[in-house]
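Just so we're aligned: the sequence shown equals residues 2 to 89 in the numbering used here. Note that CB positions come from ideal geometry on N, CA and C, so glycine has one too. All remarks here apply to the structure that follows.
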Amino acid sequence: MNTEQIIQSWHEPALHTLGSLLSVRKANLRKINRDENNAMVLQQEFIESLMNYHRISLWQASEIAASLVRAGRVARYGRFLQIKEGVA
2 MNTEQIIQSW HEPALHTLGS LLSVRKANLR KINRDENNAM VLQQEFIESL MNYHRISLWQ
62 ASEIAASLVR AGRVARYGRF LQIKEGVA
């Protein structure tokens, strides 16, 4: 397996982790009567969550985040990430 395939094999677990972070953000927005579609997660927080929950290195977590953006599965808005509609 080459490095690209290894990184891509982490897409589903990473999307699950991002989804759980986004669900917390959506709940917070719901509490203050805001649009849940605006829920986003800081890229650094996502990378730290990947490192903590999946016990991977900073380099691997950063590569996974960048790969998700390149694959079009995650949208990046500056420092923030959001799962694209119809992907999760």
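With C-beta atoms as the reference, is residue i less than 8 Å away from residue j?
i: LYS27; j: GLU13; result: no
i: GLN44; j: ARG80; result: yes
i: VAL75; j: LEU19; result: yes
i: GLN9; j: SER58; result: no
i: PHE47; j: LEU82; result: yes
Would you mind working out which of the options sits nearest residue i, comparing C-alpha positions?
i: SER21; options: SER63, ALA76, MET41 and SER68; result: MET41
Leaving out five residues on either side along the sequence, give the residues of the same chain with a beta carbon under 7 Å from the beta carbon of residue i.
i: TRP11; result: ILE65
i: HIS55; result: PRO14
i: GLU86; result: none
i: SER63; result: ILE48
Output needed for residue i: all residues of its chain with C-beta closer than 8 Å, excluding positions within five of it in sequence on either side, in chain order.
i: ILE84; result: LEU16, LEU19, GLY20, LEU23, ARG74, VAL75 and ALA76
Fully enclosed by the stretch 37-79, which alpha helix (DSSP H) runs are 4 residues long or longer?
Counting whole runs of 4 or more residues, the stretch 37-79 contains the alpha helix (DSSP H) stretches 44-55 and 59-71.
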